[in-house]
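Residues in the sequence shown are numbered consecutively from 52, following our numbering. Written below as structure tokens is the structure these notes are about.
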Amino acid sequence: MSGTTLHGIGVGRLGVVGPLRQLRPPVAVPVDTPLLVDGLPATPRAAHVAVDRAFTRIADQLVEQARRVTGTLAEMLAATAQIAADPALRAQVLARVDAGEPPVAAIDAAVSTFAARFEQAGGQVAERVTDLRSVRDRVVAAMLGMPAPGVPDLTEACVVVARDLAPADTAALDLSQVLAIVTELGGPTAHTAIIARQLGIPCLVQVTGATTLPDGAVVAVDALVGAVTVDPDDALRAELEARAEALRSLAVDAEPGTTADGQAVVLLANIGTLVDAERVAASAAEGVGLFRTEMLFNDRAVPPSHAEQTETYAWVLRAMGGRRVVVRTLDAGADTPLAFVTGEHEENPALGVRGYRLVRTHPELLATQLEAVADAQRATGTTPWVMAPMIATPQEARGFAEAARAVGIEKVGVMVEVPAAALRAEQILAEVDFVSLGTNDLSQYAMATDRMRGELADLLSPWQPAVLDMVAAAAQAGLRTGKPVGVCGESAADPLMALVLVGLGVTSLSTAPTALPAVRFAIRRHTKARCVEIADAVLAAGSHEEARARAVALADPEVCAKLNL
Ligand code: PEP
Ligand code: MG
């Protein structure tokens, strides 16, 4: 395997080297799988002892894991540990084993009985069914001597490899120990990739064969090139280190964003957690251009209270010390489902009740959130900008603006991430103070391509001429109305695309804080006129490859060389 290189789609510009850890999906163990002792099926007595030990081991492991982390992850692990230690569950399993039932069948049957009871109880208790099943999978694996399923307990910094990672799986990882993430599935603008970029963790998606790479092998993950290499040689290690050093050297520039001829381009950062906010507050970002508030609502049985939300928003506003903060109201649905809103199964959740549309089914969620932001505004004496996701019509924009202004929010905007909104941006801007382009969803909807399906990444490229036409339409509407048009999708993290966006008339760019130095550097080295020239050339291209090639041809060669564009 040494020297083997697998390719995929990279997210970020960095490369790292580290040991690989495979994240294993739970194995479906047939219930009649025998427990063997010395090659023979275990007696009920021996099975009793083995099952009892497996439960104890898993409960202890979970307590230990919970002790080593903090926050929601610690709470989740502690709650799962309680289930593993539950005497009633264990007694039921052991009674079945004593009666001669095969141990896997006994565990499965007892867990199913408890799961049915939990489901019947409904509400918060029903949500524990996932934990219950995770305990079952862990205990079965421990008893049979199989590798532990699910999220590994990371004891050293490593490269995590998985077939796929839902945002919830990613949240369950101890990300301080994750050097890089590599998945076989997933898309470059899906939320797992976004979390990785947010933290400056190189990420590769669509790496066919990644799950066959050996656990423990040392690999180099290069997000810029989109490659993972087993046992990298010294030359590759040196190249990755030199690139990291070059990017670090750009980060010393803490000036506000401007073009070479002094035209301001406000450079903002995206955040999703309070830790992100702390990091951005300490950075040169001119503020927060997208505060994804979903994190407050994830892993909850009931929504956070008005008081809790007010406190969180006020904390972020204070941390940013008067710099701009754009709060996005809850964007639940699609790949970020929530227990208390995602009701019956939707055939096409990305096209269903998500984002602002939740006002139709759960109006109280938006009302509480807006009141909380307004109270945070009053408590801090700052002026947060507040925007709604997934707006499709001017009427929706008006509905949101009225609701926000009614509670005292002064700066109201919406995201433009639905093609209908991009095409009608001028009418939408008539209702609000600003818009922010969500190019991740705009690409997905313009190109009718699921952003979670990375194998269609060419269609999802923000360089697609049709997507750029929509961005241009929205930017033009901003120029005509004199209102700010920002971009907060992942495309703003690409320094080359940033030049195009500036040329189109976009007034602010918001991206992961780690991507800002390269964007700042690129913009600073080009005049506004050159950006317009690049944008014009790109808009006249016939394909996404040609669009990008035209931008490279017109951009400053030194910048391209320094940033590997
Ligand atoms: C977008 O769609 O571009 C965006 C910024 O929002 P999210 O990625 O959270 O859907
Ligand atoms: Mg979006």
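Ideal Cβ positions, reconstructed from N, Cα and C, are used throughout, including at glycine.
Whether residue i touches residue j by CB criterion (9 Å)
{"i": "G69", "j": "V272", "result": "yes"}
{"i": "A336", "j": "L567", "result": "yes"}
{"i": "A497", "j": "V486", "result": "no"}
{"i": "L368", "j": "L341", "result": "no"}
{"i": "T565", "j": "G59", "result": "no"}
{"i": "E235", "j": "T262", "result": "yes"}
{"i": "A167", "j": "A231", "result": "no"}
{"i": "A213", "j": "V233", "result": "yes"}
{"i": "V130", "j": "D182", "result": "Note on identity: in this sequence residue 130 is Ala, with Val being the wrong assignment. Result yes, Cβ atoms of A130 and D182 sit closer than 9 Å."}
{"i": "S494", "j": "V518", "result": "yes"}
{"i": "G556", "j": "Q527", "result": "yes"}
{"i": "V465", "j": "A472", "result": "yes"}
{"i": "N615", "j": "R179", "result": "no"}
{"i": "Q257", "j": "E506", "result": "yes"}
{"i": "T243", "j": "N491", "result": "no"}
{"i": "T558", "j": "V316", "result": "yes"}
{"i": "V458", "j": "I442", "result": "no"}
{"i": "V691", "j": "V377", "result": "The chain is shown from 52 up to 616; residue 691 falls before or after that span and cannot be answered."}
{"i": "L216", "j": "L389", "result": "no"}
Residue closest to residue i, alpha-carbon to alpha-carbon, out of the options
{"i": "R379", "options": "G323, L567, R575", "result": "G323"}
{"i": "L552", "options": "E541, T565, A528, V522", "result": "V522"}
{"i": "V410", "options": "V424, E397, V392", "result": "V392"}
{"i": "A430", "options": "A443, Y364, A476, V377", "result": "Y364"}
{"i": "P265", "options": "W436, A305, V210", "result": "V210"}
{"i": "D501", "options": "G237, D587, V100", "result": "G237"}
{"i": "M371", "options": "V589, M346, E329", "result": "E329"}
{"i": "D607", "options": "G489, A333, A311", "result": "A311"}
{"i": "Q228", "options": "L71, L550, V303", "result": "L71"}
{"i": "R599", "options": "P283, T84, M548", "result": "M548"}
{"i": "H99", "options": "G151, A569, F348", "result": "G151"}
{"i": "F572", "options": "A588, A452, R248, D545", "result": "D545"}
{"i": "L550", "options": "G529, P535, I585, R531", "result": "I585"}
Alpha carbon of residue i to alpha carbon of residue j, nearest angstrom
{"i": "S185", "j": "Q133", "result": "12 Å"}
{"i": "C582", "j": "D382", "result": "32 Å"}
{"i": "P92", "j": "L86", "result": "6 Å"}
{"i": "G540", "j": "A268", "result": "34 Å"}
{"i": "L314", "j": "G554", "result": "The amino acid occupying residue 314 in the given sequence is Gln; Leu does not appear at that position. The alpha-carbon atoms of Q314 and G554 are separated by roughly 11 Å."}
{"i": "I246", "j": "P154", "result": "40 Å"}
{"i": "L510", "j": "L605", "result": "24 Å"}
{"i": "L402", "j": "G537", "result": "24 Å"}
{"i": "V483", "j": "G406", "result": "17 Å"}
{"i": "H595", "j": "S334", "result": "33 Å"}
{"i": "A105", "j": "A193", "result": "6 Å"}
{"i": "S542", "j": "G308", "result": "17 Å"}
{"i": "G373", "j": "V424", "result": "15 Å"}
{"i": "L301", "j": "L128", "result": "39 Å"}
{"i": "V303", "j": "A286", "result": "27 Å"}
{"i": "V80", "j": "R118", "result": "30 Å"}
Beta strand (DSSP E) segment containing residue i, residue limits
{"i": "G338", "result": "338-343"}
{"i": "G63", "result": "No beta strand (DSSP E) contains G63, which DSSP labels as neither H nor E."}
{"i": "R379", "result": "375-379"}
{"i": "F485", "result": "485-488"}
{"i": "K579", "result": "Note, K579: premise wrong, no beta strand (DSSP E); alpha helix (DSSP H) at 579-590."}
{"i": "D273", "result": "269-273"}
{"i": "V538", "result": "536-538"}
{"i": "T562", "result": "559-562"}
{"i": "L230", "result": "229-234"}
{"i": "M52", "result": "Looking at the DSSP string, M52 is not in any beta strand (DSSP E), and its letter there is neither H nor E."}
{"i": "V317", "result": "317-322"}
{"i": "T280", "result": "278-281"}
Terminal residues of the alpha helix (DSSP H) in which residue i lies
{"i": "W366", "result": "357-370"}
{"i": "H413", "result": "Here H413 belongs to no alpha helix (DSSP H), and DSSP marks it neither H nor E."}
{"i": "V437", "result": "Here V437 belongs to no alpha helix (DSSP H); instead the beta strand (DSSP E) covers 436-439."}
{"i": "T84", "result": "Careful: T84 lies outside any alpha helix (DSSP H) and carries neither H nor E."}
{"i": "S163", "result": "154-172"}
{"i": "T181", "result": "180-195"}
{"i": "A602", "result": "595-605"}
{"i": "T27", "result": "Since the displayed the chain opens at 52 and closes at 616, residue 27 lies outside it and no answer follows."}
Whole-angstrom C-beta distance between residue j and residue i, which should lie under 8 Å
{"i": "I479", "j": "L421", "result": "No, I479 and L421 are not in contact; Cβ-Cβ is about 19 Å, not under 8 Å."}
{"i": "P516", "j": "G593", "result": "7 Å"}
{"i": "G61", "j": "G277", "result": "4 Å"}
{"i": "G66", "j": "P253", "result": "6 Å"}
{"i": "V162", "j": "P95", "result": "Contact doesn't hold; Cβ gap of about 19 Å is too wide."}
{"i": "N399", "j": "S561", "result": "Contact doesn't hold; Cβ gap of about 28 Å is too wide."}
{"i": "V82", "j": "A156", "result": "4 Å"}
{"i": "A135", "j": "I109", "result": "5 Å"}
Beta carbon proximity, residue i to chain B, threshold 9 Å
{"i": "A244", "result": "Reference to chain B is not applicable here, since this structure consists of a single protein chain."}
Would you list the residues whose beta-carbon is nearer than 7 Å to any heavy atom of ligand 4, in the order they occur in the chain?
Looking at this structure, you won't find ligand 4 anywhere; what it does contain is ligand 1 and ligand 2.
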